[in-house]
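Engineer:
Numbering (the numbering used here), first residue to last: 110 to 627.
(1) Going by CA-CA distance only, name the one from 159, 529, 491 that's closest to residue 504.
(2) Does the region 493–511 touch the region 209–223, meaning 3 or more C-beta pairs lie closer than 8 Å?
(3) For residue 238, name the three-state secondary structure that DSSP assigns.
(4) Residues in the same chain with beta-carbon distance under 6 Å from residue 537, minus the five sequence neighbours each way, listed in chain order, please.
(5) Would DSSP call residue 529 helix, strand or coil?
(6) DSSP three-state call for residue 309: helix, strand or coil?
(7) Starting from residue 155, follow its DSSP beta bridges and name the residues at the other end.
(8) Which whole-angstrom value is the C-beta distance of residue 279 and residue 239, which I expect to be below 8 Å?
(9) For the alpha helix (DSSP H) containing residue 179, list its first residue and its last residue.
(10) Can you have a look at residue 610 and say buried or exposed, based on whether 16 or more other CB atoms are within 10 angstroms of its CB?
(11) Based on Cα-Cα distance, which residue from 492, 474, 559, 514 lies nearest to residue 322?
(12) Following the continuous alpha helix (DSSP H) through residue 215, name the residue where it begins and the one where it ends.
(13) Work out the CA separation of residue 289 and residue 355 for me, nearest whole Å.
(14) At what residue ranges does the region 471–549 contain a whole run of the beta strand (DSSP E), taking only runs of 3 or more?
(15) Which value, in whole angstroms, describes the spacing of the CA atoms of residue 338 and residue 452?
(16) The beta strand (DSSP E) spanning residue 427 covers which residue range?
(17) For residue 485, which residues of its own chain have a beta-carbon under 7 Å away from its beta-carbon, when the five flanking residues on both sides are left out?
(18) Using the three-state DSSP reduction, which class does residue 360 fall into: helix, strand or coil?
(19) Per DSSP, what kind of secondary structure is residue 167 in: helix, strand or coil?
(20) In angstroms, rounded to a whole number, what distance separates the CA positions of residue 439 and residue 317?
(21) Kindly indicate which three-state DSSP category residue 352 falls into: helix, strand or coil?
(22) Sorted by chain position, which residues of the same chain lie with C-beta nearer than 8 Å to residue 583's C-beta, five sequence neighbours on each side aside?
(23) Are the beta-carbon atoms of residue 357 and residue 291 separated by less than 8 Å?
(24) Quick one: what does DSSP say residue 398 is sitting in, helix, strand or coil?
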């Protein structure tokens, strides 16, 4: 006797993101949050993370379709995920009429253009847990009114219809988060295949700032009231205790857009965190930290962070040019950056990871040199700091900076959904914007190389690449650093073959790890 097929109500798909999927995979938190209300109301949900199946994603989808489901959802960001999500949607539509709903940042900002694609039936803007549960109720049970589903977009006789959006944050109770839908193991979720599981949680939602390069101000514009809302510290501590007892992980990542808006609140967090003894077995990473907030912390606060075993803080510095920082509306100064860096140098176990990006509208060769001078000073003053230079500036839809690029520099934005796939920091051919000069383009490439090799990242993480590959990479880095410093000191950007070498190295790093680590 054969077992009956267990039909699922909702299949939620996390698409491949890009070339780093083989070495950098975090838990698909967005889908866990999206599924919460549907699971709470008794619907069956399956999360399929296609990053885990790079060579067999079609078979995984086929298996789920054979099991049967009523609705398929895909979480989509701007850039390369659009390419993979479209491929997934097209593949599904070739063999079934199951409706597909897209959610995430891109359909939130460009709902009409997204729905123009024939392979997408619905989109959900903004926070989608409750809206998704109402949609499955409508699709599967035929109950409820489609017009009542906040944030939903759909088509009637080929015409796009957009419902009113939600004007508040979804503050979900951690007890309702269906972590069980994801197999949280070191094999599935880790970085550099080092066996270390990183568990993300939120202590707050939103962001009170209005950086011009970010799409969040456009998303949060409709929010009534405060744009940053913290969870009670006792609830955060209880959340950590809950997941710590259920899952084996070594690193906690605080996933907030901004964690330190309220510094006394975070002091209380660290005190209670230490009181619970979490610091004895867990390291902490912070995803969203600002210079102006660090600037107001005293030595005692940094000592408390050190005791709590804070290891890494991702800090948005963006540029070394005061003019560019002003145009970004960052609300920070170069002097503040230097002061914070010198303060953190006194606490070498806390590694600031300073993130930069180049090529914004209004960028000049001179402003790039200011950024170059800043990173040299940062590394000199604090040898333990990390530098992060992603790709060139990415024109995110809905951001003020993107609007400026279109108005003042005649930047042409994609007029089709699929063309947004080329607007990606890493997977596309290097972006070159209309305001670039060849000299600027070459300096940006040099800065991107420096972001990987000027600091101690390679030396400290090469061990995760295995004994053979790690030693090779570290040796090449040590040999190259004097040349890199010479290039930076005298602005030597010609014959920059190391930029291409860097690109190919990261493109094939997954294969290299497979060869050298087995």
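Think of the CB as a built atom: it goes at the ideal place given N, C-alpha and C, for glycine as much as any other residue.
Note that this is a predicted model, so its numbers are computed, not measured.
Structural biologist: Short version:
(1) 529
(2) yes
(3) helix
(4) Low local confidence applies: a pLDDT of 49 at residue 537 is under 50, so the model's placement there is unreliable, and no value is given.
(5) helix
(6) strand
(7) 120
(8) 7 Å
(9) No alpha helix (DSSP H) holds residue 179; the beta strand (DSSP E) holding it covers 178–184.
(10) exposed
(11) 514
(12) 214–218
(13) 10 Å
(14) 495–501
(15) 28 Å
(16) 419–427
(17) 597
(18) strand
(19) helix
(20) 12 Å
(21) helix
(22) 567, 568, 571
(23) no
(24) strand
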